[in-house]
Every structure is written in C-alpha cells, then in structure tokens.
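Here the structure is laid out as structure tokens; the discussion comes afterwards.
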Amino acid sequence: MPVPILKQGQMLIASMQSNLNDQDLMQLKDEIAGKIGRFKSRGVVLDVSILDVLDSFATRTLRSIAETARLRGAETVIVGIQPDVAIAMVQLGLTLDGVMTALDLEEGIDLLVASIEGSRQGGS
Amino acid sequence: MTDGPLPSDLDRLQLSPHDIERRKAFVDFQPDDAARIATIKDLVVRNVDRYSSTFFDHLATTEEAFGLTRSRSLLEQAKRLKHEHLIAMVQGDYGRDYMEQRVRLGVLYSRAALNARVFLGAFHLLMRAIGADIIKQYANAPGNGFDCFMSLKKIGFVDIGLIVDVLIAERERTINLQQDAIRELSTPVLQLRDRLLILPMIGVIDSRRARQLTDGLLLSIRANRAKIVVMDITGVAAVDSKVANHLIQTVAAARLMGASVIVTGISADVAQSLVALGVDLTSIRTMNDLQGGLEEAERLLGYKVVHADGATPASGSRLTRG
C-alpha cells in the first residue's frame, strides 16, 4: 500500500498506514525526492508509529531518504518509533545515525520548525 | 519431622537409574565389590554407633561445623541419617533409595552451612576407623582386607560425589535466589521536570536487567514525553565492557524515540577501566555527577534556575529548546 505524502507549509509529511513491503519503501523514496523539488520543501517528517517492525532494509531506506532529502535541501525527522521496535533495532545493530528522531508527529514538527528557523537565522 | 527434606529440583542432581549406574561406573564399582562388602556387613553393623560418633566427635571439635553440632535438632537428624547411611552402605543395594538418603543428608549439611572441606575431613576419619577394623578382622589375610576396604571406599566416593553435588547445587540455588532478589529491586524512572527524566541505576546490571531497564525507560519516555534522560550509574557495582554495551544500547534505543541521554556518575576508577578496556563511549554524552547532568539537561531544555533573591523571575522560563 503506497504511503500518502502530505504537503504542510514548508514540510512534507509521510505517514505510514500499514506495514510496508520493500517496493512501497522504494516508491516512497522516489516520491519524496521528487516532491521536495516540486514544493521546495525544507523538512520531511516520516511517521513510522504504525510499524511494529523495522528491518535492515527499511532502516537503510529511511536513512537514504534522509540523505537524499538533505542533498535536496530538506531536513528529515523520523517520528513514532515504538519502544519494542527501538529495542529490536538496537539489538540488530541498526542505527539511524545522522537522522533526527522524535517521539511523535507533534514533536517532530516542532523539531523541524526549530531547525528550519535556526538555519534561516544562521543564513541571514 | 521424620525425614530430612528433599530438594524439589532433585532431578537436577542426576538420579535417574542411568545416572546412578554412571555414578557407580565412575568409581569402577563391580559385582565383586558388592560381594566383598557383604563379608564386612556384620562388622560395620555391629560397630555403627562407634563409627558414627567418630564422625560427629570430629565435627564437634571444628569451629566451621558449629552450625551443625551446636544445633540440637539438626544434629539429631544428622546422627539418625548417618546411622541409616552407614547401615545402608554395607547392604549391597545402591539404588535410588540409597542415593536419596544421601541427598537428604547433603541438604541437611547444606542447611547447617557445613562446607565440603570439613565434611571430607570427618568422612575420611570415619572411613579410616572402618578400615582399621576391617584390617583387624582380616589380620591373617591382609590382602583380602585391603580389597574389602577398597570396595567400600568406592561406595564412599560415590557418596562424597553426591554430597558435594548437593552442597554445590544448594549453593547455586541460594545464588539464584539472591540474583532474583536483586533483579526485583525496582529501578524507578522519575520525572524531575517537564520532559526530563532521571534513571538512578543501582546494583548489578546483567543482560536481563538491562533489558528490563531499557523497556521501562522507553515506556516512560513515551508516557512522559521526555526529551532528556539523565542516567546515573553511581550505584552500579561494576562497569565492564558488557555493562557499557548495555548502556550504549539503552542510549541508542532512547535516541530512536527522540530522547537524548546524559550518563552521569562514572567514577575515576570506572572511567579508567573503561578506557583501558577500549570501550567506545563517544556516542554517549557524559557528565561527572548527577548535579552536572541535571544542570546540563536543564540547559538543553531551556530552563534557567535563578536564586529567589535574583532579579529575574524564578525557574521555569523557557528560553530556547534543546
């Protein structure tokens, strides 16, 4: 099931609705990369709170989405990783180094707004 | 109480018919041995009280055996079981009943905190007393007497093996109980301010407890919407590379939930040993003590604590967000 990507101001919000297969993930990656350019987005929120498992492929794809987004000028926050998922990931040695994480959608948006404002002030 | 208690996990001591045969095989117990022991049966049964008192008189002189010899009820039970044992020892039937009788005695020793060293000394004396009588009975055929004694000694060694097993098993059980008790020491996750948790860790951190801690912490992070966690390890007994790995995993898991962790209370010794072990803690933010950690956390959360006399309004003013 493809992931809907919503535009909200300077942000893109992708909220997973069900567990994803590898193809959905690849499609998500392509769409986000395209939409960042089209909407001139400065931030991306990936909400994974529905997922009860994040395997190595999913982790790698999320990380590469974040890296792609950064190259296109947008910060990425991954939000809503559940306690069990976090423990499983750590035990499998999967990390999200270099990607921001937040507790839930609200936190993630706050974090992105702060980061976007921070970089704007830094740039001016 | 007519019988000493049997441990509930008797099977752990390996008393199946097969195991009993193996125990006998270890000491090379042959049918000949049973036949030889039969020839000294009467001698041992006749003198059983004397042998038994050799054993207990020796224990009475040893300070380390006071747990047994100074407790009348334990001592009476032990004497009765010893009496039964010595008679059973020469009956030629060394099956499960015999072994269970020994286990009862072993459990009793363990309850009396009698250690293996003291027991072995006393048992040796007892065997020597029996040996001396056997040699006397076979004065005209010392070779046969010696063979008889060696046959009895085989059973003696089976006995010793079993008693030592029981002592070790009981000690392990005690250790397991204590470990469970330590595990059950709750590790509270406390909310100190809005979005700030502290996790004071105390005691021994093993894999199971680390998992519990991590679970509890992550659930609290979600429940309290925490952004910063100060983890204080002043009370952790020993920090080695394994414990450090648990810490790293906990910190990484917390980060995945959007919270950052500050570890405090790493003492000079612990810090040096971690460096010597080559544990890479660069992924963990550390402060020297709990106070430093809390101040850092408050700074990151944008709190500013001001003295009541100060001109600026007191704590709680959020200036920036970490």
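Taken in order, these protein sequences are the chains called S and R. Start counting at 1 in the first sequence, then tack on 21, and there's your number in the numbering used here. Start counting at 1 in the second sequence, then tack on 4, and there's your number in the numbering used here. Note that the Cβ used here is the ideal one computed from N, Cα and C, for glycine as well.
Residue i - DSSP class collapsed to helix/strand/coil
i                 : result
Asp313 of chain R : coil
Met22 of chain S  : coil
Arg197 of chain R : strand
Val170 of chain R : helix
Met47 of chain S  : helix
Ser271 of chain R : coil
Val283 of chain R : coil
Pro192 of chain R : coil
Arg325 of chain R : Annotation note: pLDDT 44 at Arg325 of chain R (below 50); position unreliable, no value reported.
Ala82 of chain R  : helix
Ile24 of chain R  : helix
Gly160 of chain R : helix
Arg74 of chain R  : coil
Lys140 of chain R : helix
Val52 of chain R  : helix
Tyr113 of chain R : helix
Asn42 of chain S  : coil
Thr82 of chain S  : helix
Gln18 of chain R  : coil
Ser319 of chain R : Per-residue confidence for Ser319 of chain R stands at a pLDDT of 46, beneath the threshold of 50, marking its modelled position as unreliable; the derived number appears in the next sentence. It is coil, neither helix nor strand.
Leu130 of chain R : helix
Val107 of chain R : helix
Leu124 of chain R : helix
Leu278 of chain R : helix
Val111 of chain S : helix
Gly139 of chain S : helix
Val106 of chain S : helix
Leu90 of chain R  : helix
Leu132 of chain S : helix
Thr66 of chain R  : coil
Gly149 of chain R : helix
Asp118 of chain S : coil
Bridge-paired residues (DSSP) for residue i
i                 : result
Ala123 of chain S : S:Val100
Arg289 of chain R : R:Ile266
Ser36 of chain S  : S:Asp68
Ile206 of chain R : R:Gly239
Gln29 of chain S  : S:Met32
Rounded Cβ spacing between residue i and residue j (contact assumed at less than 8 Å)
i                 : j                 : result
Phe153 of chain R : Gly135 of chain R : 5 Å
His250 of chain R : Ala214 of chain R : 4 Å
Val100 of chain S : Ala135 of chain S : Not really, about 14 Å apart at Cβ, beyond 8 Å.
Asp236 of chain R : Ile202 of chain R : 7 Å
Ala248 of chain R : Leu285 of chain R : 7 Å
Tyr113 of chain R : Leu79 of chain R  : Rounded, the Cβ-Cβ distance is 11 Å, inconsistent with contact.
Gly125 of chain R : Ile139 of chain R : Not a contact, Cβ separation roughly 21 Å.
Arg40 of chain R  : Ser211 of chain R : The pair is not a contact, with the Cβ atoms about 53 Å apart (cut-off 8 Å).
Arg199 of chain R : Ile232 of chain R : 7 Å
Ile108 of chain S : Ala258 of chain R : About 10 Å separates the two Cβ atoms, so there is no contact after all.
Val66 of chain S  : Leu126 of chain S : 7 Å
Leu109 of chain R : His89 of chain R  : 6 Å
Leu281 of chain R : Ser245 of chain R : 5 Å
Ile266 of chain R : Gly239 of chain R : Contact flag wrong, Cβ pair sits at about 16 Å.
Val69 of chain S  : Met37 of chain S  : 6 Å
N-terminal and C-terminal residue of the beta strand (DSSP E) that residue i is part of
i                 : result
Thr238 of chain R : 232-240
Val65 of chain S  : 64-68
Endpoints, the alpha helix (DSSP H) within which residue i is located
i                 : result
Lys118 of chain R : Reading the sequence as shown, one finds Leu at residue 118 of chain R and not Lys. Leu118 of chain R -> no alpha helix (DSSP H), and no H or E assigned at all.
Asp36 of chain R  : 35-43
Lys246 of chain R : 245-260
Gly96 of chain R  : No alpha helix (DSSP H) holds Gly96 of chain R; DSSP gives it neither H nor E.
Asn228 of chain R : 211-228
Leu298 of chain R : 294-305
Arg93 of chain S  : No alpha helix (DSSP H) contains Arg93 of chain S, which DSSP labels as neither H nor E.
Contact with chain A by residue i, beta-carbon distance below 8 Å
i                 : result
Met110 of chain S : Any reference to chain A falls outside this structure, whose protein chains are S and R.
Looking at chain S, which residues of the stretch 193-215 of chain R have a Cβ within less than 7 Å of any of its Cβ atoms? Contacts with chain S (Cβ-Cβ distance below 7 Å) from the stretch 193-215 of chain R involve no residue at all.
Interfacial residues, the stretch 213-247 of chain R to chain S, with Cβ spacing under 9 Å: Within the stretch 213-247 of chain R, the qualifying residues are Arg215, Thr218, Asp219, Leu221, Leu222, Leu223, Ile225, Arg226, Arg229, Ala230, Lys231.
What residues in the stretch 260-284 of chain R have a beta carbon less than 9 Å from any beta carbon of chain S? Going along the stretch 260-284 of chain R in chain order, one finds Leu260, Met261, Gly262, Ala263 with a Cβ nearer than 9 Å to chain S.
Interface positions of the stretch 77-95 of chain S facing chain R (Cβ-Cβ less than 7 Å), listed along the chain: Of all residues in the stretch 77-95 of chain S, none has a Cβ within less than 7 Å of some Cβ in chain R.
When you check each C-beta in the stretch 114-142 of chain S against every C-beta of chain R, which residues fall closer than 7 Å? Identification of residues in the stretch 114-142 of chain S having a C-beta nearer than 7 Å to some C-beta of chain R yields Thr116, Leu117, Thr122, Ala123, Leu124, Glu128, Ala135, given in sequence order.
Using a Cβ cut-off of 7 Å, which residues of the stretch 249-260 of chain R contact any Cβ in chain S, in chain order? Taken in chain order, the members of the stretch 249-260 of chain R whose beta-carbon sits within less than 7 Å of a beta-carbon on chain S are Gln253, Ala256, Ala257, Arg259, Leu260.
At a CB distance below 8 Å, what residues from the stretch 33-56 of chain S approach chain R? Give them in sequence order. So nothing in the stretch comes that close.
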